[in-house]
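Protein chains: 2
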Amino acid sequence: MAGGSTSPGRSVTARALAVLDAFDADSPRLTLTEIAGRSGTPLTTAHRLLAELTAWGALSRRADGRYEIGRKLWDLGLLAPVQLELRQLAAPFLLDVHTATRDTVHLAVREGTQALYVERISGRESVPVVSQVGSRLPLHATGVGKVLLASAPDEVVAQVLAAPERATPYTVVDPARISRELADVRRRGWARTAEEMSLGTASVAVPVRVERAEGGPVVAAALGIVVPTHRRDLARLVPVLEVAARGIGRALARTTPFR
Amino acid sequence: MAGGSTSPGRSVTARALAVLDAFDADSPRLTLTEIAGRSGTPLTTAHRLLAELTAWGALSRRADGRYEIGRKLWDLGLLAPVQLELRQLAAPFLLDVHTATRDTVHLAVREGTQALYVERISGRESVPVVSQVGSRLPLHATGVGKVLLASAPDEVVAQVLAAPERATPYTVVDPARISRELADVRRRGWARTAEEMSLGTASVAVPVRVERAEGGPVVAAALGIVVPTHRRDLARLVPVLEVAARGIGRALARTTPFR
Numbered sequence: 159m160a161g162g163s164t165s166p167g168r169s170v171t172a173r174a175l176a177v178l179d180a181f182d183a184d185s186p187r188l189t190l191t192e193i194a195g196r197s198g199t200p201l202t203t204a205h206r207l208l209a210e211l212t213a214w215g216a217l218s219r220r221a222d223g224r225y226e227i228g229r230k231l232w233d234l235g236l237l238a239p240v241q242l243e244l245r246q247l248a249a250p251f252l253l254d255v256h257t258a259t260r261d262t263v264h265l266a267v268r269e270g271t272q273a274l275y276v277e278r279i280s281g282r283e284s285v286p287v288v289s290q291v292g293s294r295l296p297l298h299a300t301g302v303g304k305v306l307l308a309s310a311p312d313e314v315v316a317q318v319l320a321a322p323e324r325a326t327p328y329t330v331v332d333p334a335r336i337s338r339e340l341a342d343v344r345r346r347g348w349a350r351t352a353e354e355m356s357l358g359t360a361s362v363a364v365p366v367r368v369e370r371a372e373g374g375p376v377v378a379a380a381l382g383i384v385v386p387t388h389r390r391d392l393a394r395l396v397p398v399l400e401v402a403a404r405g406i407g408r409a410l411a412r413t414t415p416f417r
Numbered sequence: 159m160a161g162g163s164t165s166p167g168r169s170v171t172a173r174a175l176a177v178l179d180a181f182d183a184d185s186p187r188l189t190l191t192e193i194a195g196r197s198g199t200p201l202t203t204a205h206r207l208l209a210e211l212t213a214w215g216a217l218s219r220r221a222d223g224r225y226e227i228g229r230k231l232w233d234l235g236l237l238a239p240v241q242l243e244l245r246q247l248a249a250p251f252l253l254d255v256h257t258a259t260r261d262t263v264h265l266a267v268r269e270g271t272q273a274l275y276v277e278r279i280s281g282r283e284s285v286p287v288v289s290q291v292g293s294r295l296p297l298h299a300t301g302v303g304k305v306l307l308a309s310a311p312d313e314v315v316a317q318v319l320a321a322p323e324r325a326t327p328y329t330v331v332d333p334a335r336i337s338r339e340l341a342d343v344r345r346r347g348w349a350r351t352a353e354e355m356s357l358g359t360a361s362v363a364v365p366v367r368v369e370r371a372e373g374g375p376v377v378a379a380a381l382g383i384v385v386p387t388h389r390r391d392l393a394r395l396v397p398v399l400e401v402a403a404r405g406i407g408r409a410l411a412r413t414t415p416f417r
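Going down the list, the protein sequences come from chains P and X. For the first sequence, position 48 matches number 206 in my numbering, and the numbering has no gaps at all. For the second sequence, position 177 matches number 335 in my numbering, and the numbering has no gaps at all.
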């Protein structure tokens with residue numbers, strides 16, 4: 159996010175992109191004044207850029223005068239590989255798991271020190287969860303996150319262990335204990351959490367491994383399920399997840415990035 | 159899509175947006191030369207704009223040197239109201255219909271003279287369908303399209319009737335017959351098609367009506383289901399769709415655009 163100060167040296171493209179950067183999940187609808195402030199753009203420049211971005215369809219102007227992300231950016235976003243090559247391909251497998259369990263099912267990939275939630279299937283009878291598609295949550299506090307962290311490069315693990323945030327009173331933040339848990343995840347092939355990200359829910363997750371033509375398998379994603387904590391049968395869900403994860407892994411192996 | 163000629167008079171923002179415009183569902187991965195050609199941008203300018211767009215995250219560069227849509231645009235696209243206010247809210251209801259029927263379920267909105275597919279749930283045992291999220295299909299040839307066309311303004315109906323494209327030998331393209339079908343849809347409250355968009359599949363669809371505080375109900379979307387043509391029980395699916403459509407309609411009525 160750009161700061162609040164104007165930067166006359168920025169290129170025109172950078173200014174237009176800074177206007178788009180003003181929008182985020184917490185602020186999907188903004189007024190002209192808010193956009194100018196958040197992007198550090200003079201009001202008249204912001205007004206002109208908004209007109210260009212709106213005419214193209216990147217933004218649209220609501221009846222109440224506020225701006226929001228337009229359909230053109232939604233369209234372009236659907237072309238991103240995370241959508242085109244992973245989400246679309248994995249969705250039927252997540253649906254299989256949901257059909258078998260009725261619980262909330264997630265697919266996440268690692269993005270730096272966070273788990274990025276790429277797809278979610280959640281029925282109206284499923285337990286409410288904090289994550290939605292596009293959410294980023296800490297690697298050490300979620301089931302899918304622990305799976306992703308267990309296969310991450312050492313420097314990523316070191317970075318997470320250096321400052322693990324606490325999300326609930328039950329979040330494991332002791333670096334030695336997280337390290338032991340990651341060793342367990344590597345050994346048994348799945349991770350679990352209990353109220354570490356949000357109270358009242360537990361989760362279990364497995365890696366999505368992709369066999370490559372060279373260099374052995376890689377963990378491309380993590381598949382997880384979230385249930386209410388009163389359920390005592392978390393381990394029973396592991397085989398269900400494993401079957402789906404293997405299906406996703408085989409489908410991914412046929413896509414260009416892994417061939 | 160911009161033409162192939164360079165236009166030195168275009169603003170820098172317009173040039174950057176033209177670079178993004180080079181990408182579409184048929185061409186999600188492009189080389190520098192292709193982008194320059196499709197956007198009508200000189201190669202050196204395209205190169206500089208690509209560097210800026212890639213640094214920001216709008217695009218990313220693949221190992222093979224081609225460019226694709228980056229995660230930043232995917233993130234921003236998730237903030238569009240079609241996603242935030244419609245898709246996310248409707249998804250559990252589509253899942254209910256899929257759980258009850260195991261068929262492919264669609265949610266579409268009208269965009270000009272086309273049906274824009276906003277959400278889809280499709281299992282691995284469902285019949286293969288041409289539409290996916292973000293697809294646009296003709297209003298007169300699809301179940302959801304006929305529902306949307308039946309409640310569209312007269313000028314939209316006139317525009318569609320003026321030049322209805324043929325997608326299969328069974329597509330209804332006779333304006334008088336389309337008009338009669340639309341009258342039927344308005345009267346009985348649902349639409350059906352048989353092999354009009356793709357051979358081997360039939361569909362049935364109902365409107366998602368939203369009650370507004372003032373001005374009566376509006377058709378905000380259409381909910382449809384696609385089955386193999388050998389199935390003879392299409393009409394049986396109408397009540398299932400209607401229950402889900404009412405649920406979506408009530409949920410939508412609580413969102414800002416309709417309050």
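For glycine and all other residues, C-beta sits at the position ideal for the given N, C-alpha and C.
{"Check": "Buried/exposed call for W372(P), threshold 16 Cβ in 10 Å", "Outcome": "Correcting the residue identity first, residue 372(P) is Glu in this sequence and not Trp. Looking at its Cβ environment, which holds fewer than 16 other Cβ atoms inside 10 Å, E372(P) is exposed."}
{"Check": "Alpha carbon of A209(P) to alpha carbon of V170(X), nearest angstrom", "Outcome": "14 Å"}
{"Check": "Limits of the alpha helix (DSSP H) - the one that R294(X) falls within", "Outcome": "Per DSSP, R294(X) belongs to no alpha helix (DSSP H); it is in the beta strand (DSSP E), 294-296."}
{"Check": "One or two residues paired with I365(X) in a DSSP bridge", "Outcome": "According to the sequence shown, residue 365(X) is Pro rather than Ile. Paired residue(s): A380(X)."}
{"Check": "Cut-off 7 Å between Cβ atoms - residues of its own chain near H256(X), not counting five sequence neighbours on either side", "Outcome": "V263, I279, G281"}
{"Check": "Segments of 4+ residues assigned as alpha helix (DSSP H) that fall wholly inside the stretch 254-320 of chain X", "Outcome": "301-308, 312-320"}
{"Check": "Residue closest to L190(P), alpha-carbon to alpha-carbon, out of R219(P), V288(P), D312(P)", "Outcome": "R219(P)"}
{"Check": "9 Å Cβ cut-off: residues of chain P touching P296(X)", "Outcome": "Here the premise fails: no neighbours, minimum Cβ distance about 18 Å."}
{"Check": "Contact list for G281(X) against chain P, beta-carbon separation under 9 Å", "Outcome": "P250, L253, D254, T257"}
{"Check": "8 Å Cβ cutoff, W214(P) in contact with chain X", "Outcome": "yes"}
{"Check": "First and last residue of the uninterrupted beta strand (DSSP E) at E226(P)", "Outcome": "225-227"}
{"Check": "Under 8 Å between C-beta atoms of V240(X) and W232(P)", "Outcome": "yes"}
{"Check": "Residues that A183(X) contacts on chain P, provided the C-beta gap is smaller than 7 Å", "Outcome": "L237"}
{"Check": "Residue from R268(X), E226(X), L395(X), K304(X) whose Cα sits closest to the Cα of V331(X)", "Outcome": "K304(X)"}
{"Check": "Three-way DSSP call (helix, strand, coil) for S337(X) in this model", "Outcome": "helix"}
{"Check": "Interface partners of I193(X) on chain P, CB under 8 Å", "Outcome": "Within 8 Å Cβ-Cβ: nothing; I193(X) doesn't reach chain P, min ~13 Å."}
{"Check": "Within-8 Å CB hit, G303(P) to chain X", "Outcome": "no"}
{"Check": "Within-8 Å CB hit, L207(X) to chain P", "Outcome": "yes"}
{"Check": "For S356(X), three-class secondary structure by DSSP", "Outcome": "coil"}
{"Check": "Min CB distance R229(X) to chain P below 8 Å", "Outcome": "yes"}
{"Check": "Paired residues, beta bridge with L252(P) - DSSP", "Outcome": "Answer by DSSP bridge pairing: none, since L252(P) is not bridged."}
{"Check": "T271(X) versus S337(P) - alpha carbon distance", "Outcome": "57 Å"}
{"Check": "DSSP state of D332(X) mapped onto helix, strand, coil", "Outcome": "coil"}
{"Check": "Alpha-carbon to alpha-carbon, L178(P) and A194(X)", "Outcome": "23 Å"}
{"Check": "Presumed contact (8 Å Cβ cut-off) between I406(X) and F181(X), rounded CB distance", "Outcome": "So it is not a contact: roughly 31 Å between Cβ atoms."}
{"Check": "Exposure of R367(P), with buried meaning 16 or more beta-carbon neighbours within 10 Å", "Outcome": "buried"}
{"Check": "First and last residue of the uninterrupted alpha helix (DSSP H) at A404(X)", "Outcome": "In the sequence as displayed, the identity of residue 404(X) is Arg instead of Ala. Taken as a continuous stretch (DSSP letters only), the alpha helix (DSSP H) holding R404(X) covers 395-411."}
{"Check": "Pick from E339(X), A238(X), A174(X) that is closest to A216(X), judged by C-alpha positions", "Outcome": "A174(X)"}
{"Check": "Length of the line joining the Cα atoms of S309(X) and G301(X)", "Outcome": "13 Å"}
{"Check": "Counted within 10 angstroms of its Cβ, other Cβ atoms place V202(X) as buried (16 or more) or exposed", "Outcome": "Position check: residue 202(X) holds Thr in this sequence, whereas Val was assumed. Per the 10 Å Cβ criterion, exposed."}
{"Check": "Contacting positions in the stretch 321-337 of chain X - beta carbon closer than 8 Å to chain P", "Outcome": "none"}
{"Check": "Beta carbon proximity, L306(X) to chain P, threshold 8 Å", "Outcome": "no"}
{"Check": "Rounded separation between L380(X) and L307(X) - CA only", "Outcome": "Contrary to the premise, residue 380(X) reads as Ala rather than Leu in this sequence. Cα-Cα distance, rounded: 10 Å."}
{"Check": "CB contact check: D233(X) to chain P, cutoff 8 Å", "Outcome": "yes"}
{"Check": "Best match in Q317(X), A325(X), S185(X), D391(X) for proximity to I227(X) [C-alpha to C-alpha]", "Outcome": "S185(X)"}
{"Check": "Below-8 Å beta-carbon distance, A266(X) vs any chain P residue", "Outcome": "no"}
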